[in-house]
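Notes to accompany the following structure.
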Amino acid sequence: AELMGDDGRVISVEVHAKKAQLVRDACSRLGIQSVAVHAADATDVQTLKALLASSALTQAKMDTCSGGEQDPPASSDTSLADIVVLDAPCSGMGTLRRNPEHRYQDDSRLAELTKLQDRL
29 AELMGDDGRV ISVEVHAKKA QLVRDACSRL GIQSVAVHAA DATDVQTLKA LLASSALTQA
89 KMDTCSGGEQ DPPASSDTSL ADIVVLDAPC SGMGTLRRNP EHRYQDDSRL AELTKLQDRL
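The numbering used here applies: residue 29 is where the sequence shown begins, and numbers increase by one.
Pasting the structure below:
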């Protein structure tokens with residue numbers, strides 16, 4: 029949001045409500061208003077589509093109120109976001125040199141994380 033000059037719209041989806049609140053608090057502290065934070069399951073495609081669509085409508089209304097011109101969002105799924113950045117949960121295996129204790133983690137956790145990453 030800062031790199032965009034607090035212009036446009038960033039949608040943050042956190043599965044845990046406490047983490048979502050931390051993001052809200054950080055945005056508020058920094059004076060960033062372009063971030064919409066939601067506590068939701070990012071693996072639920074219908075929920076994500078609804079969040080994107082409502083955010084696009086909100087942004088169109090904001091642009092209209094501020095004098096900007098923007099066509100209403102199209103109904104095509106590909107028009108709901110210009111870019112998606114995913115910070116997927118990871119195993120930490122890439123940090124073995126700094127965190128050698130990760131080497132001895134339960135392998136079942138790695139399998140679960142891989143499945144979650146695929147769904148996201």
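For each residue, glycine too, the CB sits at the ideal point set by N, CA and C.
Please go through the same chain and pick out, in chain order, the residues whose beta-carbon is closer than 6 Å to the beta-carbon of V41, but skip the five residues on each side of it. Here residue 41 is taken as the residue at index 13 of the sequence shown, counted from 1. These residues qualify, in order along the chain: H66, A68, A70.
A116 versus L138: straight-line alpha-carbon distance, rounded: Counting from one through the sequence shown, the residue named residue 116 turns up at place 88. Counting from one through the sequence shown, the residue named residue 138 turns up at place 110. When only Cα atoms are considered, A116 and L138 end up about 13 Å apart.
Hey, out of K46, I39, G59, V63, whose CA is closest to A78's CA? Here residue 78 refers to the residue found at position 50 when the sequence shown is read from its first residue. Residue I39 is the option with its Cα nearest to A78.
Within the same chain, show all residues whose beta-carbon is closer than 8 Å to that of E30, passing over the 5 residues directly before and after it, in chain order. Numbered from its first residue, the sequence shown carries residue 30 at position 2. Closer than 8 Å at the Cβ level, and outside the excluded window around E30, lie L58, I60.
For a test of the three-state rule: what should DSSP assign to S62, helix, strand or coil? For this step, residue 62 is matched to residue 34 along the sequence shown. Correct three-state label for S62: coil.
So, is L76 buried or exposed, given that buried needs 16 or more other C-beta atoms within 10 angstroms? Stepping through the sequence shown from its first residue, residue 76 is reached at position 48. Buried: at least 16 other Cβ atoms inside 10 Å.
Using only CA atoms, which one of V112, S83, D135, R37 lies nearest to C55? Taking the sequence shown and counting its residues from 1, one reaches residue 55 at position 27. Checking every option, the nearest Cα to that of C55 belongs to R37.
Are the beta-carbon atoms belonging to L148 and A109 less than 8 Å from one another? Along the sequence shown, one-based indexing puts residue 148 at 120. Along the sequence shown, one-based indexing puts residue 109 at 81. With contacts defined by Cβ atoms closer than 8 Å, L148 and A109 do not form a contacting pair.
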